[in-house]
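Visitor: Please read through the structure below; I'll follow up with questions.
Numbering (the working numbering), first residue to last: 3 to 624.
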């Protein structure tokens with residue numbers, strides 16, 4: 003799933019455009035409606051093609067730009083809004099700089115209010131000015147679509163362009179480490195605490211244990227929603243509302259992160275790669291107080307410039323940020339720095355190490371070298387990229403392809419496994435996201451089988467493996483994992499959902515009882531398979547076999563369990579005394595016909611209780 007975020011100057015029509023596209027008014031606060039001004043984050047959604055896409059609407063006024071930063075970090079596509087009657091304005095440029103620093107992956111420019119423009123030359127002039135402003139930024143190649151939210155002009159084209167742009171955006175990876183930066187907290191009567199945000203790096207399931215970071219406050223997921231639709235599981239990249247149990251509203255705030263236990267921990271030191279905006283009015287100096295924005299968090303920090311005295315406008319460098327209070331971030335997270343007063347965006351970059359452990363000496367060559375190495379990517383990250391392209395793969399194939407020396411590759415592989423980013427099942431490797439996909443698909447396939455065949459105990463292991471299209475060793479490992487997690491259960495060669503039970507209706511149960519009575523009265527010459535199916539129906543008969551209430555020996559011969567055990571005991575007792583038995587002796591021993599005698603002997607061979615030697619059978623095991 004994807005999330006679109008608006009950006010642009012105040013009063014250029016962002017919220018009006020969102021409402022025109024989605025039918026949802028993103029302004030939820032009374033003050034916003036009274037002032038016709040977006041103050042805080044607003045949320046909506048629309049369908050593009052066959053996919054539902056979330057929309058985060060951000061404020062454009064300079065007084066609320068810090069609220070804008072809480073919502074723009076988790077978006078996949080920027081809907082950059084510029085009014086045709088005003089053109090490029092101060093917050094147009096500042097919002098563009100923020101999108102550039104955050105390296106938002108794709109964008110579309112909506113040139114709004116074109117219904118107010120009568121002069122084609124003016125529209126062309128504004129478009130040229132806008133193209134010049136976008137040059138050299140992440141939106142340099144973004145399509146510009148003239149629209150009017152009031153008349154509807156260009157709205158269909160805008161949707162088509164956004165859909166086309168999203169088609170080129172890579173889906174958010176599932177690293178098996180779900181985390182949700184909280185951008186809104188509220189309570190609902192009868193439900194309790196609810197938080198919202200954009201889910202990153204993994205998926206949540208209803209019932210999952212979670213913790214709030216920083217702070218390590220533990221709770222559990224009571225319910226999940228995406229776009230007001232209840233979900234049992236939510237995917238990375240989704241806008242999600244999480245109903246928490248065991249956590250009070252006052253224990254969580256905007257900027258906190260909801261994560262699986264052990265995924266994150268708070269930090270007050272960050273090693274980062276930083277770019278100072280070319281438009282900044284002064285160099286960034288050492289030990290300057292700034293505001294750090296990352297995810298949905300905002301915290302005061304001090305700059306510790308590494309390897310140089312200061313960072314000039316337009317230049318890049320290394321920083322260690324010392325925070326006034328902890329935040330929960332991961333390596334690779336983007337951030338923005340702003341000057342507290344007068345407020346201005348200074349620059350931004352990427353977290354290299356969220357837990358450096360100590361303050362660095364500023365001008366040590368080995369510290370700078372380490373930061374450069376971190377910026378280039380470590381072996382584990384290179385290995386993970388290769389796994390994603392090839393999964394599921396084998397350890398042998400992976401180590402041959404990855405281009406790292408054996409010791410480094412094995413160490414990186416072990417690191418990824420220890421983090422829970424990948425799973426190595428006896429040399430068969432796949433990412434946590436791919437494993438979760440396969441387990442979800444297995445659960446769905448078995449559930450669908452139960453819905454179609456309610457009287458069957460489960461889907462055969464081999465049929466399930468075939469539909470998942472994985473090798474037998476990997477399938478066995480995945481099934482064992484799903485069983486341990488309580489998501490699937492095994493019944494001999496069948497796989498079922500843990501809560502599934504075969505239940506006969508009263509008419510079926512009466513027929514079953516009558517058939518079992520026939521078996522009890524018939525003795526050795528029991529009803530045939532065809533007679534059984536005629537008596538209770540084929541589906542009920544198969545259910546009785548799978549449930550162990552009947553034991554089928556051949557295409558024609560079937561017994562009730564008590565009769566079967568008695569027959570096996572008679573034959574094995576005879577063999578212990580006589581060493582061997584043939585068909586005629588079996589017929590005489592059991593006082594039955596040759597048909598039953600041969601079916602019983604062939605079955606005992608298949609079960610490896612006996613083996614055939616010439617025309618006789620001997621015991622394989624006592």
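A virtual CB, placed ideally from N, CA and C, is assigned to each residue, including glycine.
Throw me the rounded Cβ distance for the residue 261 and residue 354 pair, which I believe falls under 8 Å.
Guide: On the chain shown, position 259 is the one that residue 261 refers to. On the chain shown, position 352 is the one that residue 354 refers to. Actually they are not in contact, since the Cβ atoms of residue 261 and residue 354 sit about 20 Å apart, beyond 8 Å.
Visitor: Along the chain, where does the beta strand (DSSP E) that runs through residue 18 open and close?
Guide: Along the chain shown, one-based indexing puts residue 18 at 16. No beta strand (DSSP E) holds residue 18; the alpha helix (DSSP H) holding it covers 16 to 24.
Visitor: Are there three or more Cβ pairs, one per stretch, closer than 8 Å when the segment 373 to 393 is compared with the segment 338 to 346?
Guide: Judged by Cβ distances under 8 Å, the segment 373 to 393 makes no contact with the segment 338 to 346, as fewer than three pairs qualify.
Visitor: Would you mind working out which of 614, 588, 238 sits nearest residue 3, comparing C-alpha positions?
Guide: Stepping through the chain shown from its first residue, residue 3 is reached at position 1. Taking only the C-alpha atoms, the option nearest residue 3 is 238.
Visitor: Our contact map puts residue 303 next to residue 326 with C-beta atoms below 8 Å; I'd like the distance itself, whole angstroms only.
Guide: The residue you call residue 303 lines up with position 301 of the chain shown. The residue you call residue 326 lines up with position 324 of the chain shown. Sure, about 7 Å apart at Cβ, within 8 Å.
Visitor: What did DSSP end up calling residue 508 once you bin it into helix, strand or coil?
Guide: What you label residue 508 is simply residue 506 of the chain shown in a count that begins at 1. It is helical.
Visitor: Quick check on DSSP: helix, strand or coil for residue 449?
Guide: The sequence position of residue 449 within the chain shown is 447, counting from 1. The answer is helix: DSSP assigns residue 449 an H, G or I state.
Visitor: For residue 34 and residue 60, what's the separation of their Cα atoms in angstroms?
Guide: Residue mapping note: residue 34 aligns to position 32 of the chain shown, counting from 1. Residue mapping note: residue 60 aligns to position 58 of the chain shown, counting from 1. Any reading at residue 34 needs caution, since the residue's pLDDT is 43, under 50, leaving its predicted position unreliable; the model's value is listed next. Rounded to the nearest angstrom, the two C-alpha atoms are 12 Å apart.
Visitor: The alpha helix (DSSP H) with residue 607 in it runs from where to where?
Guide: Here residue 607 refers to the residue found at position 605 when the chain shown is read from its first residue. Taken as a continuous stretch (DSSP letters only), the alpha helix (DSSP H) holding residue 607 covers 596 to 608.
Visitor: Skipping 5 residues on each side, what residues in its chain have a beta carbon closer than 7 Å to that of residue 523?
Guide: Taking the chain shown and counting its residues from 1, one reaches residue 523 at position 521. No residues qualify anywhere along the chain.
Visitor: What did DSSP end up calling residue 611 once you bin it into helix, strand or coil?
Guide: For the purposes of this step, residue 611 is taken as the residue at position 609 of the chain shown. It is coil, neither helix nor strand.
Visitor: For residue 151, which option in 179, 118, 168 has the closest C-alpha, if you only look at C-alpha atoms?
Guide: Locating residue 151 in the chain shown gives position 149, counting from the first residue. When each option's Cα is compared against that of residue 151, the closest is 118.
Visitor: Have a look at residue 530 and residue 433 and give me their C-alpha separation to the nearest angstrom.
Guide: Counting from one through the chain shown, the residue named residue 530 turns up at place 528. Counting from one through the chain shown, the residue named residue 433 turns up at place 431. Roughly 50 Å separates the two Cα atoms.
Visitor: Quick one: Cα of residue 482 to Cα of residue 429, how far?
Guide: For the purposes of this step, residue 482 is identified with residue 480 of the chain shown, where counting begins at 1. For the purposes of this step, residue 429 is identified with residue 427 of the chain shown, where counting begins at 1. One C-alpha to the other measures close to 16 Å.
Visitor: On the three-state DSSP scale, how would you describe residue 375?
Guide: Position 373 of the chain shown holds residue 375. Of the three classes helix, strand and coil, the one that applies to residue 375 here is helix, per DSSP.
Visitor: Per DSSP, residue 287 is paired with what?
Guide: As a position in the chain shown, residue 287 is number 285, starting the count at 1. In the DSSP output, where bridge partners are listed per residue, residue 287 has 312.
Visitor: Just to confirm the assignment, what range does the alpha helix (DSSP H) spanning residue 128 have?
Guide: Reading the chain shown from its first residue, position 126 is the one you call residue 128. Segment 122 to 136, the alpha helix (DSSP H) holding residue 128.
Visitor: What residue does the alpha helix (DSSP H) around residue 113 start on, and which one ends it?
Guide: As a position in the chain shown, residue 113 is number 111, starting the count at 1. That residue, residue 113, is in no alpha helix (DSSP H); its beta strand (DSSP E) goes 109 to 114.
Visitor: I want to know whether the segment 537 to 553 touches the segment 455 to 462 - three or more CB-CB distances under 8 Å.
Guide: Contact between the segment 537 to 553 and the segment 455 to 462 is present, because at least three Cβ pairs lie under 8 Å.
Visitor: Taking C-alpha atoms, which residue in 336, 364, 299 lies nearest to residue 320?
Guide: Along the chain shown, one-based indexing puts residue 320 at 318. For the residues 336, 364, 299, the minimum Cα distance to residue 320 belongs to 364.
Visitor: Quick one: which unbroken beta strand (DSSP E) runs of 3-plus residues sit fully inside the segment 411 to 492? Chain order, please.
Guide: Entirely contained in the segment 411 to 492, the beta strand (DSSP E) runs reaching 3 residues are, in chain order, 424 to 427, 430 to 433.
Visitor: Which whole-angstrom value is the C-beta distance of residue 279 and residue 484, which I expect to be below 8 Å?
Guide: Stepping through the chain shown from its first residue, residue 279 is reached at position 277. Stepping through the chain shown from its first residue, residue 484 is reached at position 482. No, residue 279 and residue 484 are not in contact; Cβ-Cβ is about 50 Å, not under 8 Å.
Visitor: Give, in chain order, every unbroken run of the alpha helix (DSSP H) that is at least 4 residues long and sits entirely within the segment 523 to 553.
Guide: Whole alpha helix (DSSP H) segments, 4+ residues: 531 to 538, 540 to 548.
Visitor: Just to check my reading of the structure: residue 198 and residue 251 have Cβ atoms closer than 8 Å, yes? What is that Cβ distance to the nearest angstrom?
Guide: On the chain shown, residue 198 is found 196 positions in, with the first residue counted as 1. On the chain shown, residue 251 is found 249 positions in, with the first residue counted as 1. That belief does not hold up - the Cβ atoms of residue 198 and residue 251 are roughly 13 Å apart, past 8 Å.
Visitor: Please confirm whether residue 84 and residue 6 have their CB atoms less than 8 Å apart.
Guide: If you number the chain shown from 1, residue 84 lands on position 82. If you number the chain shown from 1, residue 6 lands on position 4. The answer is no: Cβ separation not under 8 Å.
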